[in-house]
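Novice:
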Amino acid sequence: MKTCIVRRGLPRIDAVPKVTGEARYTVDLKMPGMLIGKILRSPHPHARIRSIDVSAARELEGVLAVITAEDVPGTLFAFMQVMADKHILCTDKVRYVGDEVAAVAAVDDDTAEKAIGLIEVDYELLPPVLSVEDALKPDAPLVHEDKDSNLGFEVERLFGDPDKALAEADYVVEGTYVTHDLAHTCLEVSNCVVKWDKKDRVTVWTNTQAPHTQRQEVARLLGIPRANVRVISSYMGGGFGSKLVTDMKAPIAAVLSRITGRPVRIVNTRSEEFTTAKTRYPYTIHLKTGANKDGRIVVRDMTVIGDNGAYHDKGPATINFSAMMFGTLYNVPNIRAVGKLIYTNRQMGTAFRGFGNPQMAFATESQLDELAEKMGMDPLELRLRNANHAMETTSCGAEVCGCAMTECMEIAAERIGWKQKRNGANGTVLRGVGLANMVHTGGGGRFYGYNSTEAFIKLSDDGTVTLITSALDMGQGAHTAMAQIAAEELGVRLSDVIVLSNDTDLTPYDLGAWGSRATFMNGNAVFEAAREARLALIEAAAEMLEVPAADILVEEGQISVKGSDEKHAIAEIVDHSVNEHGWTISGTGRFVDKLPEGYTIKSAFAKNIPCFSFGTQAVEVEIDAETGQVHVLKVIAAHETGTTINQVMAEGQIEGSVVQGIGFALMERLISEEGRIVNDRFLDYKIPNIGDIPEIEAVCVESEGTKGPLGAKGIGEPGLVPTAPAIANAIYDAIGVRFHELPITREEVVKALREKRE
Amino acid sequence: MEAFDYMRPTSVVDACAALREAGGTARALAGGTDILVQMREGKLRPAALVSLRDVPGLRSVRRAQDGGLTIGAATRLIDIETSPDVLRDHAALAEAASWIGSVQVRDRATIGGNLCNAAPSADTAPILIAYGSSVTISDGRDERTLPLEDFFTGPGETVLEPGELLTAISVPPAPARSHAKYYKTFRSAMDCCTVGVAVLVVFAPDSRVVEDARVVLGAIAPTPIRAPRCEEMLRGKELDTALMASVGALAAEEARPIDDVRASAEYRRVLAEVLTKRALAAADSWLQKGAGA
């Protein structure tokens, strides 16, 4: 494919404002008359509220409003309304340390803080359930007393006959894998400014990944029409899934603004971000895999127990998605996937880059190495024999379109030195290599029962191209990708395109930036808009220059006629069109990801995914056998991109994901004592930093056959999925110890090595 | 953050006076990399901050004829890390300074601040104690000097009285045929240490026999501590692998670690053993290579 703008590593369009500090994020927003809101949060994991006394706080000078549950709408809320279980402010009970109890609005930060300290709450402490095991005991206290048990959600999917297959398989391995509580650690903490104006319109400035669904959620919470809510986002300092579902800051700030008549700002402290901004769902995965002597995997059977936390958020969707990826990674004829979500008195989980898939991949790809060992087969060979191929449909209904799985494996293995380095040398410094595969969506999903979006392009009389899209840029570079797609199809330079986005009054309805969706979905709509604008431009140029439309060329923002050196600026054509006909040139693009025949939300399972993206990571580690320190020396991350829209940004997405994957595998963990998180700051919540990050070779593997714009697939999440199992497999290669639980810390390595010696 | 007074005296005398007047909760402010973070977290609520920015004479490294160092308390870590005077005979101190925080942090943080903050994990303390350093404390009129190992009284606590200021650190000349090394382990790069161990070994002339030794353990007790039994075991013996292993094991015994969010006590003992052994091995390998010649 010949391209001019895409497939190049062009600098991102927001590079200069971001590097110079000119870019203003929502957290930088200040408004005349703006008040500071703060939330009083529960200090207990589980307690009944006997009474709240706000009188002292109300009397403090500089305090303009103090609210409790009595002052806010009594809506019960959850991401899926049928599972609603959370109030804006707690009514009778608090269910985790951080639950919202009361709120204040004051003239400044210190006054608001002081007022929070003056609110007195009389709690009756209740026994908390702090683990999934405790929550499942028959006499366990109930997190929600209106429910029969702490089981929040359950699902089972069956393909083929797994019981029969397990009984007949030549080899079966079985194991339990445990993953942990993780924070998203966005640089920009979750925050909002809300203004309830005199026309009863509520404007929410916030750093959200999904302005349109947040608009619906805020309206639902406040019990007002959607039309009365406007959501505006800005430059954004990261999302990673934590900013998909609204939290209670926006409705609380809205009520405080209605009472005071002034805009109210609420910003998480870093501690609040660690303790209330939600986490990756911790999974306990019971897994069985069976294979025959010929190396074919014939059955996989898993039960996932997810820790839901105190309230529903993205848990059911996460569990379902995990099961879909579990069923799709290899084409296994017999599959059983059971998922359960358990309420505990813990911070809620939510979406987190990979959406349940990193947890799942840790289990499945670790176990595949265990299976290979049992079979006496090279783990790479086992994977190659079971690889998916283009245009196949798997047993669970996944339509694998373009697929570069085998190619990704070959690239990763070759570049890490698989043959030379496996079962490497011994000493006090031990080295090993490992690899793992992944599959993920490369284009969001049809989980809402639809998957579609729109985009608009207008050509101004000066020739500038304005692109109106809902593609949300949270730092991943979506705006640049959209501008590149528009410029490519329209025939203009990247610098000619202005992107307008992120105001729900302006942009078309859209589901938001999640599921590696923006490039595929928004990109397709942008492509269609650009094509329509291009056709209109060519038609006008043909008329003006009096030549057939087929002879008109649009390149680098200029119009020329085949066989002639004469060039015309786009502005001339637009000017002609305005003067001649009174209209400017524009384009509308709509992309509807067509649902497969017979689609229903309930039955669709893997048919929910419009486009799959495969990849392989190979890792070399070095282990200090005395201190247990695991050094990741090198990561080869070969991922399918379809067509790479921006080489540098795609590599950046993969590298950033791998870094988070290393954190997931080796160091990141929220540590709780009696339900309280004790490492609520970066001093003790360790993420990999520049000194820990190894050489990462991101390889964008292009493939054909997807319906993405110019053949592109999403690349936002895949890079995080296989990192942890690849590291765990490399550690096994180095020291012969198999870790079934994350994170694999120094202490665990030392302990395991000691046990192995004994 | 609660309101506080801010003062910027121009002499040690005025700084001490300001600290005394503001009472017990006043704090001297140098780089602010610990104090300001703790104030933001509400863990420290000083009535006053006394900035040392305009106090002359606190920001220098001087090397005397005999090779000893006098380091002004407000000398930035980055200046210690890169000072030719420090690097000449006290390279292990420069290295320890280089492992604190990021370049940006070291560009502000000072050696006096690292000591006065009195974190059990302070990276400059073990190596300074291993070198036999002392500190000079002024109350504006008189000065007193005491060994650094007697400066710390508990986590975040020192012998400083209200109105007193740490003004200088004196590091004796490195003995002939001596080797010093500080090792730390961390959970991620730029982390505070999980355990830090500094070891100074003085070899007898023309032999592998240890004439004198100091073993100092950090982040393993309420303050940085000497390990006297380790030192005793080393003295007068030939430094071989067996001795290194025995001293390492003894270091684990002498440690008084706690379980916390950073590591278990048990793991800290493992680290004390490993790092002590490695610091001794570094001394041995330095000797084998010709004792720095």
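Going down the list, the sequences are from chains A and B.
For the first sequence, this note's numbering begins at 1 and goes up steadily by one.
For the second sequence, this note's numbering begins at 1 and goes up steadily by one.
Even for Gly, the Cβ is constructed at its ideal location relative to N, Cα and C.
None of these values were measured; they are calculated from a predicted model.
1. Would Gly152(A) and Gln347(A) be called neighbours here (beta carbons separated by less than 8 Å)?
2. DSSP has Asp247(A) in a bridge; who is on the other side?
3. Kindly indicate the opening and closing residues of the beta strand (DSSP E) around Met438(A).
4. Roughly how many whole angstroms lie between the Cα atoms of Ala204(B) and Met233(B)?
5. By the 10 Å Cβ neighbour count, where 16 or more other Cβ atoms means buried, how is Glu488(A) classified, buried or exposed?
6. Under a Cβ-count criterion, where at least 16 other Cβ atoms within 10 Å of its own Cβ denotes burial, should Ile49(A) be classed as buried or exposed?
7. So which residues of chain A does Val261(B) contact, with C-beta pairs closer than 8 Å?
8. State whether the segment 502 to 518 of chain A contacts the segment 539 to 551 of chain A, with contact taken as three or more CB pairs (one from each stretch) at a distance under 8 Å.
9. Can you tell which of Asp66(B), Asp54(B), Ile169(B) and Arg141(B) has the C-alpha that lies nearest to the C-alpha of Gly163(B)?
10. Residues of chain A with CB closer than 9 Å to the CB of Ala189(B), please, in chain order.
11. For Gly33(A) and Val229(A), what's the separation of their Cα atoms in angstroms?
12. I'd like to confirm the pairing. Which residues does DSSP put opposite His286(A) in its beta bridges?
13. Give the interface partners of His622(A) over in chain B, defined as CB-CB distance under 8 Å, in chain order.
14. According to DSSP, is Phe447(A) helix, strand or coil?
15. Measuring only between beta-carbons, confirm whether Tyr182(B) sits less than 8 Å from chain A.
16. Kindly provide the ranges of any alpha helix (DSSP H) runs that are 4 or more residues long and lie completely inside the segment 182 to 253 of chain A, ordered along the chain.
17. Got a sec? Which residues, its chain only, sit under 7 Å from Leu125(A) by beta carbon, not counting five neighbours each side?
18. Taking the alpha carbon of Phe591(A) as the point to measure from, which residue in Val63(A), Val178(A), Met521(A) and Tyr281(A) has its own alpha carbon closest?
19. Ignoring anything shorter than 4 residues or poking outside the segment 513 to 589 of chain A, list the alpha helix (DSSP H) runs there in chain order.
20. Please report the straight-line C-alpha distance between Arg27(B) and Pro138(A), rounded to a whole angstrom.
21. How would you list, in chain order, the residues of chain A whose beta-carbon sits under 7 Å from the beta-carbon of Leu271(B)?
22. Could you tell me whether the Cβ atoms of Glu620(A) and Lys340(A) are closer together than 8 Å?
23. Mind pulling the chain A residues with CB within less than 9 Å of Ser264(B)?
24. Apply the 10 Å Cβ neighbour rule to Ile690(A) and answer buried if 16 or more other Cβ atoms are within range, or exposed otherwise.
25. Within a Cβ cutoff of 6 Å, which residues of the same chain sit near Ile636(A), ignoring the five residues on either side of it in sequence?
26. Suppose you measure from the CA of Asn357(A) to the CA of Gly716(A); what does that come to, to the nearest Å?
27. What does Val750(A) touch in chain B if you count any residue whose Cβ is under 7 Å from its own?
28. From this set, Pro173(B), Pro257(B) and Val135(B), which residue's C-alpha is nearest Glu166(B)'s C-alpha?
29. Pull up the distance between the alpha-carbon of Ile342(A) and that of Thr318(A), whole angstroms please.
30. Just to check, is the beta-carbon of His179(B) closer than 7 Å to a non-hydrogen atom of the ligand PLP?
31. Does Glu597(A) pass the burial test, meaning 16 or more other C-beta atoms within 10 Å, or should it be called exposed?
32. Does the distance from the C-beta atom of Thr453(A) to that of Leu500(A) stay below 8 Å?
33. For the alpha helix (DSSP H) that Ser285(B) lies in, which residues bound it at each end?
34. Looking only at C-alpha atoms, which of Val554(A), Tyr96(A) and Gly442(A) sits nearest to Gly675(A)?
35. Report all residues from its chain with a CB closer than 6 Å to the CB of Lys458(A); omit the five preceding and five following residues, and keep chain order.
36. What residues from the segment 10 to 28 of chain B come within 9 Å of chain A, judged by C-beta to C-beta, listed N to C?
Specialist: In terms of the structure at hand:
1. Along the first sequence, read from residue 1 onward, the residue named residue 152(A) stands at position 152. Along the first sequence, read from residue 1 onward, the residue named residue 347(A) stands at position 347. Not in contact: Gly152(A) and Gln347(A) (Cβ atoms no closer than 8 Å).
2. Along the first sequence, read from residue 1 onward, the residue named residue 247(A) stands at position 247. DSSP, once it has assigned bridges, lists no residue as partnering Asp247(A).
3. Here residue 438(A) corresponds to residue number 438 of the first sequence, with the count starting at 1. Run containing Met438(A): Val429 to Thr441, per the beta strand (DSSP E) assignment.
4. Your numbering for residue 204(B) matches position 204 in the second sequence. Your numbering for residue 233(B) matches position 233 in the second sequence. Using only the alpha carbons, I get a separation of about 15 Å.
5. Walking along the first sequence from the start, residue 488(A) turns up at place 488. That one is buried.
6. Position 49 of the first sequence, counted from the start, is the residue given in the question as residue 49(A). Under this definition Ile49(A) is a buried residue.
7. Reading the second sequence from its first residue, position 261 is the one you call residue 261(B). Ordered by position in chain A, the residues that pass the 8 Å Cβ test against Val261(B) are Ile671, Val678, Asn679 and Asp684.
8. no
9. Here residue 163(B) refers to the residue found at position 163 of the second sequence. Nearest C-alpha to Gly163(B): Arg141(B).
10. For the purposes of this step, residue 189(B) is taken as the residue at position 189 of the second sequence. Within chain A, the residues near Ala189(B) are Pro688, Asn689, Ile690, Gly691, Asp692 and Ile693.
11. One-based indexing of the first sequence puts residue 33(A) at position 33. One-based indexing of the first sequence puts residue 229(A) at position 229. Approximately 21 Å, taken between the alpha carbons.
12. Position 286 of the first sequence, counted from the first residue, corresponds to residue 286(A). Note: His286(A) sits in a beta bridge opposite Thr176(A) and Thr303(A).
13. The residue you call residue 622(A) lines up with position 622 of the first sequence. According to the sequence provided, residue 622(A) is Glu. The question's His does not apply to it. Simply none; closest approach about 15 Å.
14. Walking along the first sequence from the start, residue 447(A) turns up at place 447. Coil, per DSSP.
15. Your numbering for residue 182(B) matches position 182 in the second sequence. So, not an interface residue.
16. 211 to 222
17. In the first sequence, counting from the first residue as 1, residue 125(A) sits at position 125. Only His44 and Ala47 meet the Cβ criterion.
18. Position 591 of the first sequence, counting from 1, holds the residue named residue 591(A). The option with the nearest alpha carbon to Phe591(A) is Met521(A).
19. 518 to 545 and 570 to 581
20. Locating residue 27(B) in the second sequence gives position 27, counting from the first residue. Locating residue 138(A) in the first sequence gives position 138, counting from the first residue. Approximately 55 Å between the Cα atoms of the pair.
21. Here the question's residue 271(B) lines up with position 271 in the second sequence. In chain order: Thr627.
22. Sequence index remark: in the first sequence, residue 620(A) carries index 620 (1-based). Sequence index remark: in the first sequence, residue 340(A) carries index 340 (1-based). Against a cut-off of 8 Å, the Cβ pair of Lys340(A) and Glu620(A) comes out as no contact.
23. In the second sequence, counting from the first residue as 1, residue 264(B) sits at position 264. Near Ser264(B) (Cβ distances below 9 Å), the residues of chain A are Glu747.
24. Mapped onto the first sequence, residue 690(A) falls at position 690. Result: exposed.
25. Here residue 636(A) corresponds to residue number 636 of the first sequence, with the count starting at 1. For Ile636(A), where only same-chain residues beyond five positions count, the Cβ hits under 6 Å are Ala412, Arg415, Ile416, Ala618 and Glu697.
26. Position 357 of the first sequence, counted from the start, is the residue given in the question as residue 357(A). Position 716 of the first sequence, counted from the start, is the residue given in the question as residue 716(A). So the alpha carbons of these two residues sit roughly 13 Å apart.
27. Your numbering for residue 750(A) matches position 750 in the first sequence. Simply Tyr267 and Val270.
28. What you label residue 166(B) is simply residue 166 of the second sequence in a count that begins at 1. A quick correction: the sequence has Leu, not Glu, at residue 166(B). It is Val135(B).
29. In the first sequence, the residue the question calls residue 342(A) occupies position 342. In the first sequence, the residue the question calls residue 318(A) occupies position 318. Straight-line Cα distance between these residues: approximately 13 Å.
30. This structure simply doesn't include the ligand PLP, nor any ligand for that matter.
31. As a first step, residue 597(A) must be located in the first sequence, where it is residue number 597. With fewer than 16 Cβ atoms within 10 Å of its Cβ, Glu597(A) is classed as exposed.
32. In the first sequence, residue 453(A) corresponds to position 453, counting from 1. In the first sequence, residue 500(A) corresponds to position 500, counting from 1. Going by C-beta atoms, Thr453(A) is not nearer than 8 Å to Leu500(A).
33. Numbered from its first residue, the second sequence carries residue 285(B) at position 285. Looking at the DSSP string, the run of the alpha helix (DSSP H) that includes Ser285(B) is Ala265 to Gln288.
34. Locating residue 675(A) in the first sequence gives position 675, counting from the first residue. Ranking the options by Cα distance to Gly675(A), first place goes to Tyr96(A).
35. Here the question's residue 458(A) lines up with position 458 in the first sequence. Closer than 6 Å at the Cβ level, and outside the excluded window around Lys458(A), lie Thr466 and Ser586.
36. none
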